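Per the UniProt record's numbering, the sequence shown starts with residue 1, numbered consecutively. C-beta: ideal position from N, C-alpha, C; glycine also. Computed from a predicted model, the values in this text were never measured in an experiment.
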Amino acid sequence: MQVLFKSRHPQAADLRDLTEQRVRFVLRRLVWLVPRAEVQLSDVNGPRGGIDKRCQVELRTDGAGSVVVASVAGDWRTALDNALARAARFLMRLWRRGDDSRRLRQRFISHEP
Numbered sequence: 001m002q003v004l005f006k007s008r009h010p011q012a013a014d015l016r017d018l019t020e021q022r023v024r025f026v027l028r029r030l031v032w033l034v035p036r037a038e039v040q041l042s043d044v045n046g047p048r049g050g051i052d053k054r055c056q057v058e059l060r061t062d063g064a065g066s067v068v069v070a071s072v073a074g075d076w077r078t079a080l081d082n083a084l085a086r087a088a089r090f091l092m093r094l095w096r097r098g099d100d101s102r103r104l105r106q107r108f109i110s111h112e113p
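#1: Of all the options Glu-58, Val-39, Trp-76, which has the alpha carbon lying nearest to the alpha carbon of Phe-90?
#2: Which residues does DSSP pair with Phe-5 in a beta bridge?
#3: DSSP has residue 184 in a bridge; who is on the other side?
#4: Any idea if Arg-48 is buried or exposed, counting beta-carbon neighbours within 10 angstroms, 16 or more meaning buried?
#5: Classify Val-31: buried if its beta carbon has 16 or more other beta carbons within 10 angstroms, exposed otherwise.
#6: Expressed to the nearest angstrom, what Euclidean distance is found between the alpha-carbon atoms of Arg-102 and Val-68?
#7: Specify the secondary structure class of Leu-94 as computed by DSSP and reduced to three states.
#8: On the DSSP bridge list, what partners appear for Val-72?
#9: Per DSSP, what kind of secondary structure is Asp-14 in: helix, strand or coil?
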């Protein structure tokens, strides 16, 4: 899986290696479905502080197109983990939904006279 990291903030750029490790760990069971992941970290409010660290994760999938999830939190790590968790749940739902419909079609076809 190819992991792309984008950020203009100097503190976020220090998290490049951690971000790549987290993406690979969270999506380890779905790596066959996601050939490319793009992560963008940004500071919404700048130096004013507050809950302003934003993480956007875009997953390019083979079958479902692109999946984009964003999360805002007080620190970079929490924003990253929340966005990755939401993206993984969404991909699992898509995969299960497709798997169930294939099973139903096979069951319906096999019982025809």
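Taking the geometry as given:
#1: Locating residue 90 in the sequence shown gives position 90, where the first residue counts as 1. Minimum Cα distance to Phe-90 is reached at Glu-58.
#2: Within the sequence shown, numbered from 1, the residue matching residue 5 stands at position 5. Phe-5 pairs with Val-39.
#3: Nothing can be reported for residue 184: it is not among the residues displayed for the chain, which extend from 1 to 113.
#4: Taking the first residue of the sequence shown as position 1, residue 48 is located at position 48. Burial call: exposed.
#5: Taking the first residue of the sequence shown as position 1, residue 31 is located at position 31. With fewer than 16 neighbouring CB atoms inside 10 Å of its own CB, Val-31 falls in the exposed class.
#6: Start at 1 with the first residue of the sequence shown, and residue 102 comes out as number 102. Start at 1 with the first residue of the sequence shown, and residue 68 comes out as number 68. Note that Arg-102 scores a pLDDT of 46, beneath 50, so its modelled location is shaky; the value from the coordinates is reported in the next line. Going from the Cα of Arg-102 to the Cα of Val-68 covers about 25 Å.
#7: Residue numbering aside, residue 94 sits at position 94 when the sequence shown is read from its first letter. In the structure shown, Leu-94 sits in a helix (DSSP, three-state: H, G or I).
#8: Position 72 of the sequence shown, counted from the first residue, corresponds to residue 72. Looking at the DSSP output, Val-72 bridges to Arg-54.
#9: The residue given as residue 14 occupies position 14 in the sequence shown. Look at Asp-14 here: in three-state DSSP terms it is coil, with no helix or strand label.
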